[in-house]
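In what follows, a structure is listed as structure tokens, so that the remarks can point back to it.
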């Protein structure tokens with residue numbers, strides 16, 4: 002009986018985690034971007050791959066892993082394409098967390114955050 006209850010609890014947890022994933026088709030949102038600090042370099046991401054601050058990757062709460070998105074800094078019109086490979090941001094009010102390399106290309110290193118537009122690209 003304990004084993005059955007444990008399995009039911011596990012399935013409920015897994016179902017709850019999966020329910021937040023959205024369809025990327027037509028995704029186009031505006032919000033605040035931040036970027037990962039160097040202390041995260043090498044840590045495992047939610048997708049299972051190690052975080053590489055020199056890769057063009059990002060964390061998003063709901064887009065599927067592997068989704069390519071175009072991120073545009075609305076203050077300077079610089080854009081970069083990144084691949085979603087992690088979950089986050091974990092700070093309220095943030096839309097996406099970028100790798101350092103992506104943040105550099107957007108010109109947001111000194112400010113730490115930027116107002117951005119995030120658009121999913123069709124694969």
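Numbering (our numbering), first residue to last: 2 to 124.
All residues carry an ideal CB built from backbone N, CA and C; glycine is no exception.
Are residue i and residue j touching if we call contact CB-CB under 9 Å?
| i | j | result |
| --- | --- | --- |
| residue 115 | residue 81 | no |
| residue 34 | residue 86 | no |
With a CB to CB cut of under 8 Å and the five nearest residues on each side skipped, what residues in its chain are close to residue i?
| i | result |
| --- | --- |
| residue 100 | 36, 37, 52, 53, 54, 55, 56, 57, 58, 59, 83 |
Going by C-alpha distance, which of the options is nearest residue i?
| i | options | result |
| --- | --- | --- |
| residue 93 | 87, 62, 47 | 62 |
| residue 23 | 65, 71, 49 | 65 |
| residue 113 | 74, 122, 21, 69 | 74 |
Quick one: give me the first and last residue of the beta strand (DSSP E) that residue i is part of.
| i | result |
| --- | --- |
| residue 32 | 29 to 36 |
If I measure Cβ to Cβ from residue i and keep anything under 6 Å in the same chain, skipping five residues before and after, which residues do I get?
| i | result |
| --- | --- |
| residue 95 | 33, 35 |
| residue 21 | 63 |
| residue 28 | 121 |
Who are the near neighbours of residue i in its chain, counting only those whose CB is closer than 7 Å to its CB and skipping five residues on each side?
| i | result |
| --- | --- |
| residue 49 | none |
* Minimum length 4: unbroken alpha helix (DSSP H) runs contained in the region 55 to 122 -> The qualifying runs are 101 to 107.
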